[in-house]
Structure formats: C-alpha cells, structure tokens
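See structure below.
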Amino acid sequence: DVVSLKARVDGIGWAQGKILTELETLKMQTASEETGTEEVGTGVIIEGEARRNESTNAALAEKIEEVEKKSSALIEMVKLDRKRLPAHLHNSRATSMKAPTVRPATRNGKPPPAFPMTRGEFEHITKERCEGILKAYGQPV
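Taking this note's numbering, I'd label the letters of the sequence shown as residues 7 to 147.
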C-alpha cells in the first residue's frame, strides 16, 4: 500500500511539474505578444510593432486559467493524500481481527460515518456499508 501511495504522489508531482512548465510557457507567450517580439526558427528575434489581438489574448487567458485550475486541483489532491497517509500506514499494520483501524479523511476532511472500527469489521463488511463508504470517498460503485 505504501508503494502504491508513493507512486501516486510521484505521479502527482510529475503532473504538477508539467502543468507549471505549461503555465510558464503561456506566460512567456503572452509577454512576447504584448511587446511585439517574435522568435524566428534560427533564433533571431525580430521586433515589430506591438500587436494586440484580443481573441488571442482571451484564448491565452483561458488557457492560463485552465492550467491554474488544474494545478490547484492537484495541490488539493496532494494535501488530501497527505491527510490520508497516516491512516493508511496505521491500517496496513492492523494484523489481528481486533486491531483498531483509523478512518481516512474524505474530500471534505471528515471520516465517513460507516467506516469499520476494527479489521474484523472490515473483513466482514456488508455490501450496503461498502457502497456507502465508496460514495463517501467519491469512488464509483
């Protein structure tokens, strides 16, 4: 379980880096359009008259907003995974049937009400209770 969590956190970190790179690229494109500079394939920069194409600026603003939304969603996901990690680690060490479990937080930060309190309860969970837990964590049933 710890390995899969680490892989998931690494994947999120990689995605955040990619989104930040895209955001920086969009910012540089916006800055170059505002100053009226263009880069030619040979690396020579030709400065021209400042051109303001409103539709292009609007499209870039939408892209920047979209990237910012993605990055904030990823940040929230990482924060939630960090909240859940201690519970996952504790529950992975529950070896006896009477061993207590810790309820991982849901998206709203609260634990689900029907989460099993011991490993024995978890192993003998009913279908309805399981569906309630899946819904609380936002997973498909």
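All C-beta atoms, glycine included, are put in the ideal place defined by N, C-alpha and C.
- For the pair Lys24 and Lys104, the Cα-to-Cα distance works out to about 45 Å.
- In the three-state reduction of the DSSP assignment, Pro92 falls in the helix class, which pools H, G and I.
- Apart from sequence neighbours up to five positions away, the residues of its chain that approach Leu29 with a beta-carbon distance below 8 Å are Ile70, Val73, Glu74 and Ser77, ordered along the chain.
- When secondary structure is reduced to three states using DSSP, Thr124 falls in the strand class.
- Its Cα nearest to that of Gln22, the residue Val84 stands out among Ala13, Cys136, Val84 and Ala64.
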